[in-house]
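The number in the working numbering is simply the position in the sequence shown, starting from 1, with 1 added.
For glycine and all other residues, C-beta sits at the position ideal for the given N, C-alpha and C.
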Amino acid sequence: MDIIQSRVSTQTEEYKQNFAHYEALIDELHTYRKQASIGGSEKARALHRKRNQLMPRERIAAVLDPGSPWLEIGQLAGLKLHKGVPPGALMVTGIGLVHNRPCMFICNDPTVKGGTLYGMTCNKQMRAQEIAEQYHLPTITMVQSGGAFLPDIAGIFPDKRIM
């Protein structure tokens with residue numbers, strides 16, 4: 002197969018500006034993904050550890066087949082939706098293998114607002130369940146939640162909205 006030749010000049014000012022802008026966006030994406038993977042505040046995580054509890058991704062990893070692939074879904078759901086809430090809609094969802102069978106995982110993150118449910122949390126969970134239904138995946142749900150986040154009660158009742 003022939004190599005496709007590009008006529009884009011990487012030396013133009015426009016290219017350099019676009020490249021710098023794109024790199025900044027990638028850095029921002031990595032920052033948001035890191036925030037989502039960390040979960041709640043240092044204080045909340047320390048309390049969780051003090052109680053000898055596993056973090057959400059650790060709970061999932063304990064069930065997954067060793068070395069199996071993991072496809073996280075909706076890691077940035079709810080990004081910038083609520084002040085002080087990291088991306089991820091207070092929940093980790095994804096697909097991984099258990100006894101070589103693909104399974105959907107839904108796991109609350111109790112280190113963020115005590116694992117309470119926001120409207121976006123319900124939307125994310127509903128979307129994970131729709132994917133599981135569509136692809137006939139068994140679902141493993143790990144719940145540790147303080148219930149509904151009352152200031153967002155209007156958004157709690159799920160409908161067909163999609164994250």
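Proximity below 9 Å, CB of residue i to CB of residue j
i, j, result
"P88", "R34", "yes"
"R58", "S38", "yes"
"M143", "A78", "no"
"G174", "D66", "The chain is shown from 2 up to 164; residue 174 falls before or after that span and cannot be answered."
Nonlocal neighbours in the same chain, by C-beta distance under 7 Å from residue i, ignoring five residues either side
i, result
"G95", "W71, L72, E73, I74 and F106"
"Q36", "P87 and P88"
For residue i, the first and last residue of its enclosing beta strand (DSSP E)
i, result
"R8", "Taken as a continuous stretch (DSSP letters only), R8 belongs to no beta strand (DSSP E), as it is neither H nor E."
"P103", "R102 to N109"
N-terminal and C-terminal residue of the alpha helix (DSSP H) that residue i is part of
i, result
"G95", "Careful: G95 lies outside any alpha helix (DSSP H), inside the beta strand (DSSP E) at M92 to V99."
"L48", "E43 to K51"
"A63", "P57 to V64"
Beta-carbon contacts of residue i that lie in its chain and below 8 Å, excluding the five residues immediately before and after
i, result
"A173", "Outside the shown range of the chain (2 to 164) lies residue 173, about which nothing can therefore be said."
For residue i, three-class secondary structure by DSSP
i, result
"L72", "strand"
"T112", "coil"
"L26", "helix"
"H31", "helix"
"A78", "coil"
"K17", "helix"
"D3", "coil"
### Query
Can you give, in chain order, each stretch of the alpha helix (DSSP H) that sits fully within the stretch 114-148 and has at least 4 residues?
Runs found: 120-135.
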